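In the UniProt record's numbering, the protein residues as written are 1 to 304.
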């Protein structure tokens, strides 16, 4: 699947979009009736391109999205946020109810075995704006000079879902801060992850950071901040990213083990709804074979 060349695998047509990440897939109708060959083709393309985009999947409803996701892996419900009513695993992200994921992140890294794959379906789109941008964290690692690779491979970070919501979103009202604490941070998690993880299927090394990082271990607070910005800056370098302009019915699937993403918050009061199913992942390993570990899981007293 070389860059810039249309690819066909049976009925699948995979067309790379970005130089280092992202491809659009044509010639397929997603659903629970896909045969194993089609599923394996999707998984192979996903491992190569990190993010896959599918237009014109308006036939999918919540149940159809869940049944399709079942083919790719074991569905995994969000550990703190309730699923959409009437669904088994769907997390609804609604801009009219605080759903604006406008910070770079990898999904749910505040637990040890965070999701391997995410399947996102666009339901309501603004007339302008509201794009999502993904980055290839394996390409970000590869772009580091040798000395920075060696440093990153030695570092670990604490990830938590209890970050300063009000500070990160200065426009947030007092009510929205309280609602955040009641839901997303109703149970507080803290997990230690290596900054460089090894992909369990490809063996690729990738940078594991994002907005759930509380601090880097073994360094001062000032050093932690500088090192975070250094490595995170490589992740979000434009060369490592792809941007998708949504239409209703679009589906995006990404390898959550080797990407970060951000929803661009540029659409004002327009309405935007997307629905996500995540699939169970593995506990990450560092390059020296140590595993991530969740060492804190406790009810948030402030959320009571």
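Ideal Cβ placement from N, Cα and C applies to all residues, glycine included. Quick caveat: nothing in here was measured; it's all calculated off a predicted structure.
Between the stretch 84-98 and the stretch 272-288, the count of C-beta pairs closer than 8 angstroms reaches three or more; the two stretches touch.
Taken through DSSP and simplified to helix, strand or coil, residue 159 comes out as strand. As DSSP reads the structure, residue 260 sits in a beta bridge with 135. Taking C-beta separations shorter than 6 angstroms and ignoring five residues to either side along the sequence, the partners of residue 129 in its chain run 266, 267, following chain order.
Contact between residue 136 and residue 259 holds, since their C-beta atoms are separated by about 6 angstroms, short of 8 angstroms.
The beta carbon of residue 299 is closer than 8 angstroms to those of 186, 187, 188 in its chain, skipping five residues each way along the sequence.
In the DSSP annotation of this structure, the continuous segment of the beta strand (DSSP E) that includes residue 206 starts and ends at 205-207. Secondary structure at residue 43: helix, using DSSP grouped into helix, strand and coil. The three-state secondary structure of residue 231, taken from DSSP, is helix. Residue environment for residue 284: buried (at least 16 other C-beta atoms within 10 angstroms of its C-beta). Annotation for residue 68: the continuous alpha helix (DSSP H) segment containing it runs 62-72. For residue 69, same chain residues with a beta-carbon under 7 angstroms away, outside a window of 5 residues either side, are 75, 119, 277, 279 in chain order. For residue 49, DSSP assigns no beta-bridge partner whatsoever. In the three-state DSSP reduction, residue 140 falls in the helix class (H, G or I).
Where residue 146 is concerned, there is no enclosing beta strand (DSSP E), although the alpha helix (DSSP H) around it starts and stops at 146-154.
Here the stretch 246-253 makes contact with the stretch 49-64; the two share three or more CB pairs at distances below 8 angstroms.
Look at residue 238 here: in three-state DSSP terms it is helix. Look at residue 96 here: in three-state DSSP terms it is helix.
Looking at the DSSP output, residue 23 sits in a beta bridge with 16, 52. Annotation for residue 254: the continuous beta strand (DSSP E) segment containing it runs 251-255. Annotated three-state conformation of residue 211 is coil, per DSSP. Between the C-alpha atoms of residue 240 and residue 64 there is a straight-line separation of about 32 angstroms. Contact between residue 263 and residue 100 holds: CB atoms are separated by about 6 angstroms, below the 8 angstroms threshold. In the DSSP assignment, residue 297 falls within the beta strand (DSSP E) that extends over 293-299. Nearest in C-alpha terms to residue 150, of all of 288, 294, 293, is 288. A straight line joining the alpha-carbon of residue 53 with that of residue 21 spans about 11 angstroms. Rounded to whole angstroms, residue 144 and residue 257 show a C-alpha spacing of 18 angstroms. Taking 7 angstroms as the cut-off, the Cβ atoms of residue 105 and residue 210 count as close.
Distance check between residue 117 and each of 29, 183, 66 places 66 closest, using alpha-carbon atoms only.
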